[in-house]
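In what follows, a structure is listed as structure tokens, so that the remarks can point back to it.
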Amino acid sequence: MPSEKTRLLKPSSTSPPLVVRSTCTSTLFFTWLTPLLALGSQKTLGFDDLYPLSVVHQATHVSEQFHATWHTFKTSSVAPAKPSLTLALFQTFGWRFAIAGLLRGIRATLLFTAPLVLKAMIGFLNDSSAPISDGYVLVAIIFVSGIVQSLCIRQYTYLASEVGMCFRTAIQSALYHKLLVIAPSSTRSSGQVTNLMSVDATRVQKLTMDLHSIWVVPYLILLSCVLLWREIGVSFIAGLVVIVLYIPLTLYMAKHMKAIQKQVMQLKDSRTKLCNEVWGGIKVVKCQAWEDNFVDIIQAKRVVELAQLSSFLRTRSLSSALSNGLPALVAIASFATYIFLGNNLDVGTALTTLALFNILRLPLLKMPDMVNAIVEAQLSLDRLRDFLLDDELSVVGSGPLTSAGIRLTNVTLQYPHTSATVLKDVTLAASDGALVALVGATGCGKSSLLRGVLGEAHAVDGSIYKYGTIAYVAQQPFILNATVRDNILFGLPFDHARYTEAIDVCCLESDLATLGAGDATEIGEKGITLSGGQRTRVALARAVYQNADVYLLDDVLAAVDN
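Everything in the sequence shown is counted per the UniProt record's numbering, starting at 1 for the first residue and increasing by one.
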């Protein structure tokens, strides 16, 4: 199995990435995909058929880039101001996003080629003396403009999607890293973290497709108004008034949607948390026949969530309906004013104006979705930033220690967000090879001292130093929902001699003999298929297999039955 996992993460093919080998032409037209598509039409593609990612697309490279930038932002920010996660993302990956924006701007500008050439074409057809070459030139302009627009929008979509994937990879890597160092005092539930990993990270990824609309939409509206003024003069102001009246209504609905969306996310977190708790204690739920009760509770939460979601969708539908009807209202107002002022509406002016209004319709239709996507993404970015700024474990350095051991000197310990002192003026030294036992009454602070060494409790006075790797076995052993072997290996490669020794010294042979599949038995969520003593022995075997320099054992023999 380990060899298979290695192959999946690092395909055996050593060919350079296709994109790196591609020429300018193949990059422009995406023909570098042709060999892979041809192979895929002949057989089902496997990992060996795929080329390895280029370095800039690998998750390790992306996460390291963002981690360095985010660390700089965190250390340079001054309280109470919070570092901007948005700026950190764009500082890391912004140059590719800027290139995508340039392509989007070129495409937006070329949209006006058709209306302008249309008027020139009508003039050419009405002028019998015009040379035929003028007609060919006009047709060529429309053809070339269409080709360039297509190339620009395809490259823009590719680059924006690429940046979006980098955003999501960087965020999820940062979240995983944060989970490893977050302080135990954190009030985050597993449901909240799950939503951050999936819902919020995905929203930020999707934001890259809409974010350039922030300036492209106003640019299209402004340029459309300028050309409309050129065609129908001040009459376009009537249409502009309709647009101006529409804008505050859009802003109000966006604010309303943001408030509703925030409530929806809170309700979703609550429901997800309850579902996780039910699944975690499903054995108790089944034994007590509480299934129907919990189903009713979860469904009640879902009904409230759906009610808020329904309100959100109604507001969004109203916003879309107004956007769909706006271009027609703008055209009616402008043409009526143009004729009322005594102007003659000819075919060329009418068709050109309608074409410009059609272009104007696109950004207006896009505006509600753009505003909604930005509002949702900003809310998600705020949630992600707050999580990444949560308190972390205290960093315990090696200090003067040069060999394995720990040293506490006049230490006073407190837990984060509390002012109560759990230990005061404690001094302890444990050198390499020493066996130290902490003895005391229940609640006197033995576990807190170990947590101080781990960095989970803060030293408000004195110093704590540790040298070497640490293996920690808690009073309530941590058990993965995996096999016994996977729980013992804990991600390390399998070493038969060391594994056998860990099983032997922790007296697990008899336990494995009682399990149906031996060490391949699935333990189950929170170790529900094992007794308390068996869970502790598995945790001890894991610590032994780690071959650490320092072992911290917190009352591990209390639950051991033999």
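We treat Cβ as the ideally placed atom computed from N, Cα and C, and that holds for glycine.
- The shortest C-alpha to C-alpha distance from Y219 to any of Y51, Y499, S448, R107 is the one to R107.
- For V544, there is no enclosing beta strand (DSSP E); the enclosing alpha helix (DSSP H) has its first and last residue at 532-546.
- I464: member of the beta strand (DSSP E) spanning 458-467, first to last residue.
- Of the residues D48, S224, V217, L85, the one whose Cα lies closest to the Cα of T113 is S224.
- By the CB criterion at 8 angstroms, T409 and L423 fall outside the cutoff.
- For the set L103, A238, F294, V62, the Cα lying nearest the Cα of Q91 is the one of V62.
- When DSSP states are grouped into helix, strand and coil, V439 belongs to the coil group.
- Counting every other CB atom within 10 Å of its CB across the protein chains shown gives K268 a total of 16 or more, marking it as buried.
- Under the criterion of beta carbons closer than 8 angstroms, L384 and D210 do not qualify as touching, at roughly 18 angstroms.
- Where G164 is concerned, the enclosing alpha helix (DSSP H) starts and stops at 132-181.
- About 5 angstroms separates the beta carbon of Y551 from that of A471, a gap short enough to meet the 8 angstroms contact definition.
- In this structure F357 is buried. Its beta-carbon is surrounded by 16 or more other beta-carbon atoms within 10 angstroms.
- CA-CA distance, S403 to A548, rounds to 13 angstroms.
- In the structure shown, the three-state DSSP call for T25 is helix.
- Here the C-alpha atom of K43 lies approximately 16 angstroms from the C-alpha atom of Y51.
- Taken through DSSP and simplified to helix, strand or coil, K262 comes out as helix.
- Scanning F294, M165, V473, L364 for the CA closest to the CA of L540 turns up V473.
- Our two residues, K206 and G399, have alpha carbons roughly 46 angstroms apart in a direct line.
- Shown here, G518 sits in a helix according to DSSP, grouped into three states.
- Cβ-Cβ separation between L389 and K82: approximately 6 angstroms, consistent with a contact (criterion under 8 angstroms).
- About 33 angstroms separates the Cβ atoms of L103 and Y176, ruling out a contact at the 8 angstroms cut-off.
- The Cβ atoms of V375 and M257 sit closer than 8 angstroms to each other.
- In this structure F490 touches R542 by the C-beta definition: roughly 5 angstroms separates them, less than 8 angstroms.
- Take C275, set aside five residues on each side of it, and the residues of its chain with a beta-carbon closer than 8 angstroms to its own are G191, I298, in chain order.
- With 16 or more neighbouring CB atoms inside 10 Å of its own CB, A459 falls in the buried class.
- The C-alpha of I153 is placed about 23 angstroms away from the C-alpha of S54.
- The beta carbons of Q534 and D511 sit closer together than 8 angstroms.
- The stretch 163-175 makes no contact with the stretch 238-251; the number of CB pairs closer than 8 angstroms stays below 3.
- Within 10 angstroms of the beta-carbon of I488 lie 16 or more other beta-carbons, which makes it buried.
- Contact between L401 and Y467 holds: their C-beta atoms lie close to 4 angstroms from each other, under 8 angstroms.
- Exclusion of the five residues before and after E522 leaves N481, A482, T483, T529 as the residues of its chain whose Cβ lies within less than 8 angstroms of its Cβ.
- Pairing F294 with V278 gives a Cβ-Cβ distance under 8 angstroms.
- DSSP, reduced to helix, strand and coil, places R407 within a strand of the structure shown.
- Going by DSSP, L553 is part of the beta strand (DSSP E) stretching over 550-553.
- Inter-residue distance for R188 and D382 is about 15 angstroms (C-alpha atoms, whole angstroms).
- L329 and G146 have their C-alpha atoms roughly 29 angstroms apart.
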